[in-house]
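In the working numbering, the protein residues as written are 46 to 439. Ideal placement from N, C-alpha and C gives every residue a C-beta, glycine not left out. Everything numeric in this text was worked out from a predicted model, so none of it was measured. See structure below.
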């Protein structure tokens, strides 16, 4: 992402934050001034009198300043790109912002919103055959594709000098491609876009694609499953080329941290004095709330308030039978049998092991492993994961 775009997006987000904080402060003042009961509905509308005037003035000044700053940055965008070219650090920050408020960035047309794209060695690839012939002169018929997790990007597959995707591609004589996407959008929307991207990739690739292996970390596994579930309805034929998928720490049954956040939302809304502050929790993205129970389809969220508690549990959409699917789970405990999980994803969730009547995920024979003393991030570079992939990817 270019420097001019980054600064314009950051400035817009900062002005949006001023408006948001002003709304919260005004709501708190209004509720206190109205002597609201400790439990129950809060009064509605703006604060009255001087307080209302002050908050309205802040919004007006903020709006005028926003327009002026945005106009100046728009004119300086090209020169700013020359002065400070983008780098990995900035990309990491932008990716994290997309994970937290990515859907809001899209809805507000903020330049910080990431567009889904294929990348190679950190650079974007256009799905045009002639350009791909130049950029990938030794294109293989076999592809290794990586799909990163929440708040991350394609560069972050490299950890402590190791990159699973690059290593496996070199070992297998394949070409590695990395997906970059806005992890704050609904999983089903990213899944639909991934299906379209894979279809375009197969069509534009310089040689006929014979096999695709997908390496998915965390949320990336949910996006991959979503793409497979939607491909047929979209008329895309790429699934027949998928040979294997490796899921590393994917929350197939959801993540308890997001379920905890949902409880905080519910409790915070009970009192008019905490409700304005609880609204901060509503800023978290659709991608994050989809992690509560591992949502992958539109039906998992459409027509539902994503911040309300619900008994709905997404179905574990089955993978096509020809795909060899394997899954790795980490646990912080010293024993592999420990169900604690990797710090973010419980073992049962990472392995798709249900206990509520839903069909469990089906894996290749001996295709699941639980690794002791392994965190969610260790899955990206631990030598035991490398050996696990070597065993199943041949």
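query: Distance, Cα to Cα, residue 361 vs residue 270?; result: 9 Å
query: Can the beta-carbon of residue 164 be found closer than 8 Å to that of residue 246?; result: no
query: Nearest-angstrom Cα distance between residue 321 and residue 182?; result: In this prediction, residue 321 scores a pLDDT of 43, lower than 50, which makes its location untrustworthy; the coordinate-derived value is nonetheless stated afterwards. Between residue 321 and residue 182, the C-alpha separation is close to 56 Å.
query: Would you check if the segment 281-295 and the segment 412-426 touch, i.e. whether three or more CB-CB distances between them fall below 8 Å?; result: yes
query: Unbroken beta strand (DSSP E) runs of length 3 or more, entirely within the segment 250-314: which are they?; result: 256-262 and 287-293
query: Runs of 3 residues minimum, wholly inside the segment 342-402: which ones carry the beta strand (DSSP E) assignment?; result: 369-376
query: By the 10 Å Cβ neighbour count, where 16 or more other Cβ atoms means buried, how is residue 363 classified, buried or exposed?; result: exposed
query: Give the DSSP-derived three-state secondary structure of residue 86 in the structure shown.; result: Low local confidence applies: a pLDDT of 49 at residue 86 is under 50, so the model's placement there is unreliable, with the coordinate-based value given in what follows. Residue state, collapsed to three classes: coil.
query: Going by the CB atoms, is the gap between residue 219 and residue 187 shorter than 8 Å?; result: yes
query: Which term fits residue 221, buried or exposed, when burial requires 16 or more other beta carbons within 10 angstroms of its beta carbon?; result: buried
query: Quick check: the segment 185-200 against the segment 142-160, are at least 3 beta-carbon pairs closer than 8 Å?; result: yes
query: Quick one: what's got a C-beta closer than 8 Å to residue 305's C-beta in the same chain, skipping five residues either side?; result: Because residue 305 sits at a pLDDT of 48, beneath the cut-off of 50, its placement in the model cannot be relied upon, and the point is left open.
query: Take residue 275 and list the residues in its own chain whose beta-carbon comes closer than 7 Å to its own, dropping the five residues that flank it on each side.; result: 236, 237 and 240
query: Where does the unbroken alpha helix (DSSP H) through residue 216 begin, and where does it stop?; result: 209-217
query: Where do the ends of the alpha helix (DSSP H) carrying residue 136 lie?; result: 133-152
query: Identify whether residue 334 lies in helix, strand or coil by the three-state DSSP scheme.; result: helix
query: Quick check: what's the CA-CA separation for residue 430 versus residue 288?; result: 19 Å
query: Going along the chain, which residues of its own chain have a beta-carbon closer than 8 Å to the beta-carbon of residue 377, five neighbours each way excluded?; result: 383, 385, 386, 387, 388, 418, 419 and 420
query: Give the DSSP-derived three-state secondary structure of residue 417 in the structure shown.; result: strand
query: Would you mind sorting residue 281 into buried or exposed? The rule is 16 or more other CB atoms within 10 Å of its CB.; result: buried
query: The alpha helix (DSSP H) that contains residue 174, what's its start and end?; result: 174-180
query: Tell me whether residue 315 is buried or exposed, calling it buried when 16 or more other Cβ atoms sit within 10 Å of its Cβ.; result: Since pLDDT at residue 315 reaches only 45, below the 50 mark, its modelled position is unreliable, and the value read off the structure follows with that caveat. Flag for residue 315 reads exposed.
query: Hey, out of 161, 204 and 357, whose CA is closest to residue 341's CA?; result: 357
query: According to DSSP, is residue 202 part of a helix, a strand, or is it coil?; result: helix
query: Is the CB-CB distance between residue 168 and residue 251 below 8 Å?; result: no
query: Residue 185 to residue 400, Cα distance in whole Å?; result: 42 Å
query: Buried or exposed: which applies to residue 208, given that a residue is buried once 16 or more other Cβ atoms fall within 10 Å of its Cβ?; result: buried
query: For a quick check, are the C-beta atoms of residue 425 and residue 413 less than 8 Å apart?; result: no
query: Inspect the beta-carbon positions of residue 147 and residue 299 and report whether they are closer than 8 Å.; result: no
query: To which residues of the same chain is residue 158 closer than 8 Å at the C-beta, ignoring the five residues directly before and after it?; result: 54, 143, 147, 150, 151 and 227
query: With a threshold of 16 other CB atoms inside 10 Å of the CB of residue 312, please say whether the residue is buried or exposed.; result: Any reading at residue 312 must be qualified, since the residue scores a pLDDT of 43, below 50, and its modelled position is unreliable; the value itself is stated next. When all chains shown are included, residue 312 counts as exposed.
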